[in-house]
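**Q** So for the sequence shown, our numbering puts the first residue at 1; every next one is plus one.
A virtual CB, placed ideally from N, CA and C, is assigned to each residue, including glycine.
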Amino acid sequence: MEETEELNNQSIKDTLAELPDKPGVYRFYGEDSELLYVGKAKSLKKRVANYFSKQSSLDQKTRRLVSLIAKIEFTIVNSEFDALLLENNLIKNFQPKYNILLKDDKTYPYILITNERFPRVISTRKVDKSQGTYFGPYTSVKAMNTIIELIRKLYFIRTCTLNLSEKNIEQKNFKVCLEYHIGNCKGPCEGLIKSEEYDSNLPHIFNILKGNLNLVKNHFKEEIQNAAERLEFEKAHQWKLKQDLLEKFQANSVVVNPSIEELEVYCILSTEKLAIINFLKISNGIILQTKTSEIKKKLNESDEDILQLAIIDTRNKFNTFSPEIISNIEMELPINGVKISVPQKGDKKKLIELSLKNIRYQLARLESEKENGRDTRILKTLQNDLQLKTLPVHIECFDNSNIQGTNPVSAMVCFKNGKPAKKDYRHYNIKTVIGPNDFDSMYEVVSRRYKRLLEENQPLPDLIVIDGGKGQLSAACRALSDLNIYGKVPIIGIAKNLEEIFYPGDTDPLYIDKKSESLKLIQHLRNEAHRFAITFHRQKRSKNSLVSEIEKIPGIGKATFNKLLQEFKTVNNIRKATEEELAKVIGKDKSKKVKEVLK
1 MEETEELNNQ
11 SIKDTLAELP
21 DKPGVYRFYG
31 EDSELLYVGK
41 AKSLKKRVAN
51 YFSKQSSLDQ
61 KTRRLVSLIA
71 KIEFTIVNSE
81 FDALLLENNL
91 IKNFQPKYNI
101 LLKDDKTYPY
111 ILITNERFPR
121 VISTRKVDKS
131 QGTYFGPYTS
141 VKAMNTIIEL
151 IRKLYFIRTC
161 TLNLSEKNIE
171 QKNFKVCLEY
181 HIGNCKGPCE
191 GLIKSEEYDS
201 NLPHIFNILK
211 GNLNLVKNHF
221 KEEIQNAAER
231 LEFEKAHQWK
241 LKQDLLEKFQ
251 ANSVVVNPSI
261 EELEVYCILS
271 TEKLAIINFL
281 KISNGIILQT
291 KTSEIKKKLN
301 ESDEDILQLA
311 IIDTRNKFNT
321 FSPEIISNIE
331 MELPINGVKI
341 SVPQKGDKKK
351 LIELSLKNIR
361 YQLARLESEK
371 ENGRDTRILK
381 TLQNDLQLKT
391 LPVHIECFDN
401 SNIQGTNPVS
411 AMVCFKNGKP
421 AKKDYRHYNI
431 KTVIGPNDFD
441 SMYEVVSRRY
451 KRLLEENQPL
461 PDLIVIDGGK
471 GQLSAACRAL
481 SDLNIYGKVP
491 IIGIAKNLEE
501 IFYPGDTDPL
511 YIDKKSESLK
521 LIQHLRNEAH
531 RFAITFHRQK
541 RSKNSLVSEI
551 EKIPGIGKAT
561 FNKLLQEFKT
571 VNNIRKATEE
581 ELAKVIGKDK
591 SKKVKEVLK
């Protein structure tokens, strides 16, 4: 829809004229009153007008959105921050078609300190504030359980669900359990510890859950000193064990300078269709919370717009109110009392690098999944094109190489999951064939390859590919038949033009669409086998040529050449070696003669 057509909508024209130069939230509706999009703006008048006055600067998806707008509504708010909050709430409640969705269906666990007599420290996914004080939520169950275990080791918190009322304890309704006998509980069920003494640990537990470990460590130091002054060395030792336990936990948790008290990290990297956001909550140098999210783009949104919404959503979801936020991108975030920056050096820069490391790992994982999905699709196409019973995950391709009948060799390349598995490539020197006979050479190498696999109980491939047409294919089939595995492994031959594929016994070739991904895979196989074979052939011809030249030198034979090859590994290295380097292996006189021949 062209600009003039859009402005013919009287409702839109009237709304554009009414828009104030104030912060607020605008809503676009379609013909059927469907909410299409929600956006925020510093100036409603300028932002909304841009959709209709600058069509050429909009991407295709945004132009499509504008063409569907039948009605515009807006809400004025007091500040940019209020606009951000309202936008976030409307998107979550109505999930408009053209907005990115920050929806997260997961329920995260909390740590609950119950408000019962002799409080417990437990994990829960249900929040009922009448039950006690909640900390979290925690994105990592493992991290949460580590903290709970630490608290129970330090303070002997009970784990039972008994109703430890004064009446029940006085009436001796309960008996201590195994937890008491193994030293994990002080036995409040039998009145072996008073509620006042039990509750005296709660402030320290609160500090641990808030990340204020230094306050707890200082308390332990005071108790150690006090016990030592009273000559209560056993108690001092018990306090020292607690201090060591806490320091070990802190050492495993601190990632930056502990002087960084309250901080949130939000980093973003994006592709054309996807944005990845990582969140870290830092308290006293410890990562208390972390989460990596994937967000699908709808209208080519900027990283700043996406991250603003994500920050508001995350702070609400995880109850974080840090006075400082750091990020990898410059952005405006109108939250009163919150400092936002992009650190360039120091410990805060290290936190940015850690956050980005998590994002890059996620992007690499997604790319790997995408690539694996592509590989599987190609293999399924090949399976369908060749009418195979099983997916050709493991493919082996053979090729012969000789030039003017000299130095005949063969090569086998192996592809697994549609990609070269180079450690499984094999070279073959032809042993039983005299002269340039491709058919007998193919019979020999196929026989040798699969006889060895059978002897070693190795799995056979899902598909064998023979480069060379009907003659070589027949020879390979004869080799498989002599090994009693013909018919157990699918085998095809490729004609020289790469477009004709032959099955054993068929006179007419199979033609695969030139644009097919499966044909490209077969071409890749054939080209790789040819490259591998010709490279080996050239190496062998070069070696034989050098051996021939060296053996003509009086007083030098195969033994001398083998010494050189053993030392220098390859023919090229022998050619490149200096006379002094050769002399160290075969002596000064022989090295001089060899060098003269090589020149």
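For I325 and I311, which I take to be in contact (beta-carbon distance under 8 Å), what is that distance rounded to the nearest angstrom?
**A** Indeed, because the Cβ distance is near 7 Å, the residues count as touching under 8 Å.
**Q** Report back the beta-carbon spacing between I428 and S447 to the nearest angstrom; my notes put them in contact at under 8 Å.
**A** Rather than Ile, the amino acid found at residue 428 in this sequence is Tyr. Not confirmed; about 11 Å, so no contact.
**Q** With which residues is P420 paired in a DSSP beta bridge?
**A** Note: P420 sits in a beta bridge opposite F415.
**Q** If you pair each beta-carbon of the region 147 to 161 with each one of the region 179 to 188, do three or more pairs fall below 8 Å?
**A** Yes: at least three Cβ pairs fall under 8 Å.
**Q** CB L65 to CB Y29, shorter than 7 Å?
**A** No.
**Q** Mind checking who K291 pairs with in its DSSP beta bridge?
**A** K291 is bridged to F279.
**Q** Excluding the five sequence neighbours on either side, which residues of its own chain have a C-beta within less than 8 Å of the C-beta of E80, listed in chain order?
**A** Counting only Cβ-Cβ distances below 8 Å, and skipping sequence neighbours, we find P23, K40, K42, E332, P334.
**Q** For I501 versus I492, is the C-beta spacing smaller than 7 Å?
**A** Cβ atoms of I501 and I492: closer than 7 Å.
**Q** The alpha helix (DSSP H) spanning R152 covers which residue range?
**A** From DSSP, the alpha helix (DSSP H) with R152 extends over 141 to 155.
**Q** From the DSSP output, which residues share a beta bridge with I113?
**A** DSSP lists V121, T133 as partners of I113.
**Q** With burial defined as no fewer than 16 other Cβ atoms inside 10 Å of the residue's Cβ, what is the status of T4: buried or exposed?
**A** Because T4 carries a pLDDT of 34, less than 50, the predicted location of this residue cannot be relied on, and no value is offered for it.
**Q** So what's N429 in DSSP terms, helix, strand or just coil?
**A** N429 falls in the strand class under three-state DSSP.
**Q** By DSSP's criteria, S401 is part of a beta bridge. Which residues make up the other side?
**A** Per DSSP, V409.
**Q** From the DSSP secondary-structure annotation, give me the bridge partner or partners of A41.
**A** Looking at the DSSP assignment, A41 forms a beta bridge with G24.
**Q** For S200, which of helix, strand or coil comes out of DSSP?
**A** In this structure, S200 counts as coil in the three-state DSSP scheme.
**Q** Between the region 202 to 217 and the region 280 to 287, are three or more C-beta pairs nearer than 8 Å?
**A** Yes, the region 202 to 217 is in contact with the region 280 to 287.
**Q** When burial is assigned at 16 or more other CB atoms within 10 Å of the CB, is V265 buried or exposed?
**A** Under this definition V265 is a buried residue.
**Q** Kindly list the residues whose CB is nearer than 8 Å to the CB of D440, restricted to its own chain and excluding five residues on each side of it in sequence; keep chain order.
**A** Contacts found: T432, V433, A475.
**Q** Taking the alpha helix (DSSP H) that Y450 belongs to, which residues open and close that run?
**A** 438 to 455 is the span of the alpha helix (DSSP H), which, as asked, contains Y450.
**Q** When the Cα of D508 is compared with those of A495, E229, G346, which residue comes out closest?
**A** Ranking the options by Cα distance to D508, first place goes to A495.
**Q** When you compare the CB positions of N282 and L263, do they come within less than 7 Å of one another, or not?
**A** Note that residue 282 corresponds to Ile in the displayed sequence, not to Asn. Contact: yes.
**Q** Where do the ends of the beta strand (DSSP E) carrying T15 lie?
**A** No beta strand (DSSP E) holds T15; the alpha helix (DSSP H) holding it covers 10 to 18.
**Q** Closer than 7 Å by C-beta to L363: which residues in its own chain qualify, once you throw out the five before and the five after it? Chain order, please.
**A** Excluding positions up to five away in sequence, the list reads L269, I276.
**Q** Count the C-beta pairs between the region 290 to 303 and the region 371 to 383 that are closer than 8 Å, then say yes if the count reaches three, no if not.
**A** Touching, no.
**Q** Nearest to K576 by CA position, among V585, I586, K595, is which residue?
**A** Checked all of V585, I586, K595; the closest Cα to K576 is K595.
**Q** Using 8 Å as the cut-off, can you tell me whether the region 173 to 180 makes contact with the region 123 to 131, which would need three or more C-beta pairs spanning the two stretches below that distance?
**A** No, the region 173 to 180 is not in contact with the region 123 to 131.
**Q** Could you give the first and the last residue of the continuous beta strand (DSSP E) run that contains Y481?
**A** The identity of residue 481 in the sequence shown is Ser, whereas the question assumes Tyr. Per DSSP, S481 belongs to no beta strand (DSSP E); it is in the alpha helix (DSSP H), 470 to 482.
**Q** Following the continuous beta strand (DSSP E) through F502, name the residue where it begins and the one where it ends.
**A** 500 to 502 is the extent of the beta strand (DSSP E) around F502.
**Q** Please check the pair G418 and L521, which I expect to be a contact at CB under 8 Å, by giving their CB distance rounded to whole angstroms.
**A** So it is a contact: roughly 6 Å between Cβ atoms.
**Q** How many angstroms separate the CA atom of E6 from the CA atom of C267?
**A** Residue placement at E6 is poorly supported in this model, since its pLDDT is 42, which falls under 50; the coordinates are not used for a value here.
**Q** Are D467 and D399 close, meaning C-beta to C-beta below 7 Å?
**A** In this structure, D399 lies closer than 7 Å to D467 by Cβ.
**Q** When the distance is taken between beta carbons, is L510 closer than 7 Å to F415?
**A** In this structure, L510 does not lie closer than 7 Å to F415 by Cβ.
**Q** With a threshold of 16 other CB atoms inside 10 Å of the CB of N78, please say whether the residue is buried or exposed.
**A** N78 is exposed by the Cβ-count criterion.
**Q** What's the gap between the Cα of G505 and the Cα of R63?
**A** Their Cα atoms are separated by approximately 59 Å.
**Q** Check the Cβ-Cβ distances between V413 and every residue of chain D, and say whether any is below 7 Å.
**A** The structure shown contains no chain D, having only a single protein chain.
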